[in-house]
Amino acid sequence: MSIPVVHQLALNESPYPPLPSVRRAMRRAVAQAHRYPQFYPDDLTERIAVWCRVAPDHVAVGSGSVGVALQLLQAVMEPGDTMVYAWRSFDAYPLLADMVGARPVPVPLSPDGHQDLGALLAAFDHRTRVVVLCNPHNPTGTLVTTDRLAAFLRQVPRDVTVLLDEAYVEFAGGSVPDPLALLDAHPNLLVLRTFSKAYGLAALRVGYGLGAPGLIGRIRRRQLPFGINTVAAAAVKASLRAGSELRRRVETVIAERERLRRELGALGWHIGPGHANSVWLAAPDPIDDGAVALTDAGVLARHYPGEGLRLTVGSREANDAVLAALAGVGVRCP
Ligand SMILES: Cc1ncc(COP(=O)(O)O)c(C=O)c1O
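Numbering (this note's numbering), first residue to last: 846 to 1179.
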C-alpha cells in the first residue's frame, strides 16, 4: 500500500498559495474568459520591462521559463548542433535540446556541486550553439559569483548563446551577479526568469527572458499567438504590484532554508551553502536511507539514487516533518 503524500517537496514550488490581491485579479480575469488574450503579450512585456528597468525590446515573455528556453533553442539551433550544460541539473535541458534535434553535452558538476566553468568551455565543439548556466544551480543550490560569470562570458564565443537560468534568483538574497549590467556587453546572453518560484504562480506558466534586442527579436518570432492566457497575465501584473508582500514570503523561505541547514547539520548531515528554495543532501551521506525515511513520513522529496536528495523548503510544518524524519537516519562523521 502506498503511503499518502502529506508534504510535496519535490518540485521546488512555493509553499504559499497566491496572495489575496492576486486571487482577486485572477477572478476578475476569469469573468472575461470568453475573450481572447492579447495576440502577443505586449502589455505584460511592458510591465515586466518597467519592473526590470529595461526597455521592452529587451524582454520576451513565454509559457514558463521553459517555454522561453525552447523559443531560444528554436531560434539559434539547427539539428545536429550541440548544447552544453552542467549535469546533474534541471531535467528539462536535455528534453529541450532533443525537441530541436540538438545534441545534449552534459558536463559533470565538480565534487562540491558547482558548475565547472572551465570544463563547460572545454566541452565546446564547432557545433556548439548554446551553453546553459543555472544560477543558483538546481539541484545543488550553488552559485556562480559575479567575477567568475563575467570571466566566463568573456570566454564564450559570440556565436554561442549563454542561457543563464535564474529561476531561483530571488532566493539568493542579493548575492548574485547583476546580469542586467552585462546584457549590452553580451548580445549572446539570455537571462531566464520565472514567476513559478518566488512568485508562487507555477500553475499559470509565465516566464521571461532578458537579452539584447537582436536576440529578443529572434526569440519573439517563435512566440505562439494568444500564448499567454488572460488569467495568468492578470496574476503576474497583480504580483508585480505586491512586491513587498512577496519579498516577505521569500525572506521567510530563506530563513526556513537556513534553519533546515543548521538543524540538519546538527544531526550530522553535511550540507554546503545553498542559494535556491531547496536544500541539497549528497552522498556519501546516507541519502537513500533518508529518501526511505521521508517517504515513510509522507514527505515527497526529489531523490537521485546514490547521488543526492533535493528538498524544497516548505511550510514550517513540512520542514519540521523533514527534520523529524531525517533525525532517525544515522549519519556517519567524516
Ligand atoms: C532551473 C530551473 N529552471 C526553470 C524551471 C521551470 O520554470 P518554469 O515553471 O518557469 O518553466 C525550473 C523548475 O523547476 C528550474 O528548476
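For glycine and all other residues, C-beta sits at the position ideal for the given N, C-alpha and C. All values derive from a computational prediction rather than experimental measurement.
A Cβ-Cβ distance of about 7 Å is found for the pair Val1051 and Val906, placing them in contact under the 8 Å criterion. Buried is the label assigned to Gln960, since at least 16 other Cβ atoms lie within 10 Å of its Cβ. Taking C-beta separations shorter than 8 Å and ignoring five residues to either side along the sequence, the partners of Pro953 in its chain run Ala931, Trp932, Asp961, Ala964, following chain order. Shown here, Gln1000 sits in a helix according to DSSP, grouped into three states. Taking 8 Å as the cut-off, one finds no heavy atom of ligand 1 near enough to the beta carbon of Phe1016. Contact between Phe1016 and Pro981 holds: their C-beta atoms lie close to 7 Å from each other, under 8 Å. Between Leu854 and Ala1170 the beta-carbon gap is near 11 Å, outside 8 Å, which marks them as no contact.
Between the beta-carbon of Arg1063 and that of Ser910 there is about 17 Å, and that puts the pair past the 8 Å contact cut. In terms of Cβ geometry, Gly986 and Ala1121 form a close pair [threshold 9 Å].
The closest CA to that of Pro863, considering only Arg1104, Lys1082, Val1174, is found on Lys1082. Here DSSP, grouped into helix, strand and coil, assigns Val1021 to coil. Residue Val1174 holds the alpha-carbon nearest to the alpha-carbon of Asp1141 among Val1174, Gly1119, Val1014, Pro886. In this structure, Val1001 lies near Asn1033, with their beta-carbon atoms less than 9 Å apart. Under DSSP, Met928 forms a beta bridge with Pro949, Val975. Taking the Cβ atoms as the reference, Ile1132 lies roughly 6 Å from Gly1153, within the contact range of under 8 Å. Relative to ligand 1, Cys979 has its C-beta within less than 8 Å of a heavy atom.
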